[in-house]
Amino acid sequence: MHLSIQQRFSLWAGLSLLTVVLVTALVGVWQFSSIKKSLSEHSREVTEQQAQDYLQVLAQDTSAQLRMPLERALNTAQANAAVMQAVVNDSEIDDKRSLAVRMLEQTLALNTDFLGAYVAFEPNAIDGSDFLFRETLGSDSRGRFLPYVVRSESDTFVVENLEGLEDATVDDNGVRAGEYYLCSKDSSGSCVIDPYLYPIDGEQVLLTSLVAPVINAGRFIGISGIDISAAFLQSVITDVAASLYQGAGQTLLVSPRGVIAGHSQQPEMIGQNLSVLDNSLREALLAVGKSGQSQILQQQDQFIVLSPFTMPGNQQGWVTYLAVPEAQVLAAVAEQEQFLESAQRNFIVSTSVLGLLLALIGVGIVWLVARSSIQPLSKMTTLVASIAEGEGDLTQQLDIQRQDETGKLSGFLNIFIGKLRKLIQQLIPLGENVSELSAEGRQISEQTRSQMVQQQQLLEEMVSAVTEMAASAQQIAGNADRTSQFVSKANDSSQSGAGLVKRTSESIHSVSSSVQESESAMLELEKNSEAIVSILSVIQGIAEQTNLLALNAAIEAARAGEKGRGFAVVADEVRALASRTQDATVDIHEKLSVLQQGSRQASAAMHQSGQQVTETVDLARAAESALQDIQQAIKEVTEMTFQIASATEEQSAVCEDVSKNLTKISQLVGHTTEGALQLSRVGNELDDAANTLKQQLGSFKV
Numbered sequence: 014m015h016l017s018i019q020q021r022f023s024l025w026a027g028l029s030l031l032t033v034v035l036v037t038a039l040v041g042v043w044q045f046s047s048i049k050k051s052l053s054e055h056s057r058e059v060t061e062q063q064a065q066d067y068l069q070v071l072a073q074d075t076s077a078q079l080r081m082p083l084e085r086a087l088n089t090a091q092a093n094a095a096v097m098q099a100v101v102n103d104s105e106i107d108d109k110r111s112l113a114v115r116m117l118e119q120t121l122a123l124n125t126d127f128l129g130a131y132v133a134f135e136p137n138a139i140d141g142s143d144f145l146f147r148e149t150l151g152s153d154s155r156g157r158f159l160p161y162v163v164r165s166e167s168d169t170f171v172v173e174n175l176e177g178l179e180d181a182t183v184d185d186n187g188v189r190a191g192e193y194y195l196c197s198k199d200s201s202g203s204c205v206i207d208p209y210l211y212p213i214d215g216e217q218v219l220l221t222s223l224v225a226p227v228i229n230a231g232r233f234i235g236i237s238g239i240d241i242s243a244a245f246l247q248s249v250i251t252d253v254a255a256s257l258y259q260g261a262g263q264t265l266l267v268s269p270r271g272v273i274a275g276h277s278q279q280p281e282m283i284g285q286n287l288s289v290l291d292n293s294l295r296e297a298l299l300a301v302g303k304s305g306q307s308q309i310l311q312q313q314d315q316f317i318v319l320s321p322f323t324m325p326g327n328q329q330g331w332v333t334y335l336a337v338p339e340a341q342v343l344a345a346v347a348e349q350e351q352f353l354e355s356a357q358r359n360f361i362v363s364t365s366v367l368g369l370l371l372a373l374i375g376v377g378i379v380w381l382v383a384r385s386s387i388q389p390l391s392k393m394t395t396l397v398a399s400i401a402e403g404e405g406d407l408t409q410q411l412d413i414q415r416q417d418e419t420g421k422l423s424g425f426l427n428i429f430i431g432k433l434r435k436l437i438q439q440l441i442p443l444g445e446n447v448s449e450l451s452a453e454g455r456q457i458s459e460q461t462r463s464q465m466v467q468q469q470q471l472l473e474e475m476v477s478a479v480t481e482m483a484a485s486a487q488q489i490a491g492n493a494d495r496t497s498q499f500v501s502k503a504n505d506s507s508q509s510g511a512g513l514v515k516r517t518s519e520s521i522h523s524v525s526s527s528v529q530e531s532e533s534a535m536l537e538l539e540k541n542s543e544a545i546v547s548i549l550s551v552i553q554g555i556a557e558q559t560n561l562l563a564l565n566a567a568i569e570a571a572r573a574g575e576k577g578r579g580f581a582v583v584a585d586e587v588r589a590l591a592s593r594t595q596d597a598t599v600d601i602h603e604k605l606s607v608l609q610q611g612s613r614q615a616s617a618a619m620h621q622s623g624q625q626v627t628e629t630v631d632l633a634r635a636a637e638s639a640l641q642d643i644q645q646a647i648k649e650v651t652e653m654t655f656q657i658a659s660a661t662e663e664q665s666a667v668c669e670d671v672s673k674n675l676t677k678i679s680q681l682v683g684h685t686t687e688g689a690l691q692l693s694r695v696g697n698e699l700d701d702a703a704n705t706l707k708q709q710l711g712s713f714k715v
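Structure below.
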């Protein structure tokens, strides 16, 4: 879609106005959002700080409410302990036990929030007469004085005996059954006992004991204690929770040993250890109790304040826990944020509507202004269109009625049309000259191209001939190289053969020497064999004579009778030995005869081999001489082959240089031919352009 200048101007102006309005609206919305965010964050911070301050003050007040009755009870126990110390030391008081019971009853009468009051003494510590008071009021079966005065349901006083004073059994919370007595006895100081169960009037009651020791002459003799029911502590915790944000809060009281002494929402957890709570909360409560410093937490969507307070006799403090849901604390902030959200939506709607109306009004104004400004441009467009699309009438002129930018543009356009008319009048004769020159150039380029084509053909033929000659020279050089290689191999082979023949001649000469030595050895062997035969003949004669002598000796021994019997035996043995010697000489003589015959045959063979070896040596020497002649001839052939190969390689290199030069000349001629062809094409195009120029210039009216 093509838009007019007026339409585009109006469109862009409208978009610009709309953008300005939109950016202004967005900036306003952003500023409103920033203000809303800052206000919400500030309100939240202020509200959170106020809530934390309020909870901290309330926690301190709660701690005070809990500490005051506990301190009052402990002070009462300490006062009663001081009274009992004075009573023990006062020898004028006859019935010290009755006085102690009346004191305990009066203590309960004056303090309605006390559950019970008691004293307990070591055996014979109060008056030294326990055996006189066995099973009496406030005394056990042994007379030990340990009265416990409690308030009954009818608001009267009941005196019972304390139980489990010396019982060190530890319950689940780490508290000994007799902690209320053993603590002061072990430490000789006041103690506040964690909540524990104790039987009162047949029922187990959860209570807290505040105990003071009775010291006489620096020695522990007993205790004085006050019991406060856990229900009283629970009532304080419940009242505080009810005042927290219309009952939305939660309160706890934790003893130094980590026993829950009060719980506003789950009273059944009273008396249990902190292990039933969340790990992080349990650790925080214990840490605050040890450090004695308040702590403010914000976790699990709750504001939590932990406030400790300590009692005499306790190294670790009690801790009050106050928690309020974050949503309850920030309810006012949430209402404020909702109001701001509604105000922001109304601001966005009103700003958008107002901005849209302003943008529409601005577009209308811009449309009217653009329309009056575009009219001169429309006239110029009509004039230029008539020149471009009509007959090219350059005699037309614009009527200038305004002196602004459009009027100046019209004047410059009139000047441009006048200059264009003069230019075309000058170009018409130039176009005709260009046409004539282009025709002459085209004819010359055609002739040049034809001549260059002929030259290129001749050069290609010369290149082919030189290439064939170079190929032949390379083939001859290759054959000469191969011949040289073959001759070299033949020379190597002849040298190897000459060496082999020489080594063969030497070996045969060595064999000839060995054969001659063997022949001499065989002759010597034959002589030695004949000497051995002569010796054997002598031995055989000796054996025959020995045999005859032994036979004669045997005959003589036989004649001698018994005296010659032993000699006869010896003679028989000698004759037997002579007979065996004779047989052995015969056997050796036969073997020597065979050896002599073999040595004669070997000697003859050795002699014949010596003659053959001599002939072989002569032949090897002749072969060695012939191979030397062959080597000399091969050397001469090798030298001639090298000369042929060198000459052929030089010829091939010259042919290659000539071929390369001819190829370059051919390429240059080809480039020249292509240039002539391109020149011809340019001439044709120039001719066509000249004709077109003549036609175009002819279309203008000047």
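Quick note: the sequence shown uses the working numbering, first residue 14, plus one each step.
Using N, Cα and C, we set each Cβ at its ideal position, and we do this for glycine too.
Residue nearest to residue i in terms of C-alpha spacing, selected from the options
| i | options | result |
| --- | --- | --- |
| M116 | Y131, Q20, I437 | Y131 |
| T480 | N674, D412, Q656 | N674 |
| G491 | Q680, A544, F655, D199 | F655 |
| F425 | Q62, I413, L436 | I413 |
| A566 | I555, R578, D153 | R578 |
| L422 | T394, S399, N446, Q438 | T394 |
| V635 | E473, K515, L564, E652 | The amino acid at residue 635 is misidentified as Val; the sequence shows Ala. For the residues E473, K515, L564, E652, the minimum Cα distance to A635 belongs to K515. |
| L175 | P160, E537, D185, A181 | P160 |
| T75 | E519, I106, W331 | W331 |
| E652 | S501, C196, F322 | S501 |
| D314 | V337, F322, Q306 | V337 |
| S547 | T559, Q498, S606 | S606 |
| A597 | T627, S638, Q553, G574 | Q553 |
| D417 | A581, E557, I387 | I387 |
| T125 | G156, L112, S165 | S165 |
| S46 | Q62, M324, Q558, N359 | N359 |
In DSSP terms, what residue i is bridged to
| i | result |
| --- | --- |
| I228 | F233 |
| V114 | Answer by DSSP bridge pairing: none, since V114 is not bridged. |
| E173 | Y161 |
| L219 | L210 |
| P321 | V332 |
| G129 | V163, D240 |
| P269 | In DSSP, P269 forms no bridge with anything. |
Sequence-distant residues of the same chain with beta carbon closer than 6 Å to residue i, five excluded per side
| i | result |
| --- | --- |
| Q610 | none |
| K198 | F233 |
Test item: CB-CB of residue i and residue j under 8 Å
| i | j | result |
| --- | --- | --- |
| A138 | S237 | no |
| V318 | Q98 | no |
| V163 | L128 | yes |
| L219 | P208 | yes |
| I234 | F134 | yes |
| L723 | L83 | There is no way to answer for residue 723, as the model of the chain reaches only from 14 to 715. |
| S152 | F158 | yes |
| I241 | A86 | yes |
| F316 | E296 | no |
| I309 | Q65 | yes |
| G302 | V267 | yes |
| A72 | S320 | yes |
| F322 | R80 | yes |
| L335 | T251 | no |
| I361 | V42 | yes |
| N229 | V101 | yes |
| A38 | T419 | no |
| A452 | D700 | yes |
| E716 | G191 | Residue 716 is absent from the structure shown; the chain starts at 14 and stops at 715. |
Contact set for residue i: own chain, Cβ-Cβ below 7 Å, skip 5 residues either direction
| i | result |
| --- | --- |
| V118 | Residue identity check: residue 118 is Glu in the sequence provided, not Val. Closer than 7 Å at Cβ, skipping near neighbours: V162, F170. |
| S154 | R147, E148 |
| A581 | A567, A570, A571 |
Cβ shell of residue i (< 8 Å), same chain only, five flanking positions each side left out
| i | result |
| --- | --- |
| D585 | A563, A567 |
| Q312 | S293 |
| N560 | R588, A591, S592, Q595 |
| V376 | S23, A26, G27, L30 |
On the three-pair Cβ rule with 8 Å, is the stretch 266-284 touching the stretch 240-249? Yes: at least three Cβ pairs fall under 8 Å.
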